[in-house]
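When the letters of the sequence shown are read in order and numbered with my numbering, they come out as residues 421 to 672.
Glycine included, C-beta positions come from ideal geometry on N, C-alpha and C.
Here the structure is a predicted model, which is why all the values come from computation and not from measurement.
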Amino acid sequence: MKRSAQDLSPVKRFKSGNALAVAAAAAAAASTISERSQDSLTLRLIKCSEILKENNGPMTIHDLEMSIGYKIDSQLLSTLAQVDRIDYNEEEKTLYYHSLHNIKTAEDLMKVLKKQQAFLGLQVKQLKDGWNECIPTIRKLEKNNEILVNKTKKDQTPKHIWLNVEKLHLLQEDSETDKSFADLWHKIEIPDHETLVKKLIENKIKPTNVDSDALKNKNSQPVKQQKKRKSRKGKITNTHLKGILRDYSKMR
């Protein structure tokens with residue numbers, strides 16, 4: 421015969437309720453430990469990825485462990501190997517973070533720019549990913565007129581770069597560029613900024629970095645002509661005393 425909870429003694433009822441509470445607490449603790457373990461894995465993965473980014477070449481697992489301060493277990497190593505930008509060499513036990521264009525030196529950058537057929541250039545934020553010397557290298561190449569750089573107005577930070585084609589000496593004897601075409605190109609006169617903006621607006625093209633609406637309103641406003649002031653004649657006052665006052669003007 422099955423006994424109800426009321427039939428149990430106080431001690432047995434306590435033990436039964438305590439067992440349920442312990443089981444619930446154990447389940448909650450296991451869930452918390454699992455979540456903390458997952459969070460810990462994510463944090464360790466991010467830290468390892470950042471260190472690999474800062475390193476310009478392959479890094480051994482031992483060196484990576486020395487940098488992060490703890491041992492890389494099999495779970496973390498397997499997760500790192502699955503990252504798209506991280507290459508794991510199982511034989512040499514090395515990890516390597518490769519950027520989008522895999523550029524690490526000025527020579528690498530110039531090779532990529534020269535291979536571009538349409539001179540689209542490169543975004544600097546893509547180059548900075550995994551390349552610590554990106555900005556100093558860009559400034560050095562710009563100083564040597566090797567590249568053209570588009571910068572932000574606020575702090576002059578490089579945003580986009582292109583190859584400076586004038587440094588390639590395209591008009592050499594073995595060049596495929598027609599010299600007559602090059603002569604025509606150099607004869608084209610570039611208009612000044614204001615003229616260029618007006619021409620763009622006239623052709624219904626909105627210029628960049630210019631408030632075309634304000635400029636249009638400024639040009640469309642007619643010039644106000646100043647009205648010619650009428651000369652005021654002196655007005656004679658005290659006319660009601662005309663017969664009383666004497667005229668002394670003849671005595672001057």
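Nearest candidate by alpha-carbon position, reference residue i, set the options
| i | options | result |
| --- | --- | --- |
| R464 | F601, L540, A501 and I492 | I492 |
| N584 | E614, Y490 and L533 | L533 |
| T480 | V544, E510 and T462 | E510 |
| G541 | K619, I567, I466 and W605 | I567 |
| E586 | W605, L496, L620 and K574 | W605 |
| W582 | Y490, K571 and D575 | K571 |
| H521 | K548, E622, L497 and K619 | K548 |
| T462 | P478, Q495, N476 and G477 | Q495 |
| N476 | I488, H580 and D528 | D528 |
| Q543 | K513, H580, L561 and N565 | H580 |
Environment of residue i [buried if 16+ CB atoms lie within 10 Å]
| i | result |
| --- | --- |
| W687 | With the chain covering 421 to 672 only, the question about residue 687 has no answer from this structure. |
| L379 | Lying outside 421 to 672, the shown extent of the chain, residue 379 is not represented and no answer is given. |
| P578 | buried |
| I466 | exposed |
| L616 | exposed |
| I608 | exposed |
| I523 | buried |
| I625 | exposed |
| A602 | exposed |
| T557 | buried |
Residue span of the alpha helix (DSSP H) that contains residue i, given as start and end
| i | result |
| --- | --- |
| D528 | A526 to K535 |
Boundaries of the beta strand (DSSP E) in which residue i is found, first to last residue
| i | result |
| --- | --- |
| L515 | T514 to Y517 |
| I625 | Neither: I625 is in no beta strand (DSSP E) and is coded neither H nor E. |
| D507 | I506 to N509 |
Is the stretch 462-475 touching the stretch 514-521, taking contact as three or more C-beta pairs under 8 angstroms? The stretch 462-475, when compared against the stretch 514-521, does touch it at the 8 angstroms Cβ threshold.
Are the stretch 491-506 and the stretch 521-540 touching by the rule of at least three beta carbon pairs closer than 8 angstroms? no
Considering only residues of the stretch 460-501, which uninterrupted alpha helix (DSSP H) runs meet the minimum length of 4 residues and lie entirely inside it, listed in chain order? 481-488 and 494-501
Starting from the N-terminal side, write out each stretch of the beta strand (DSSP E) that is 3 residues or longer and does not extend beyond the stretch 557-587. Here the runs fully enclosed are 567-571 and 578-583.
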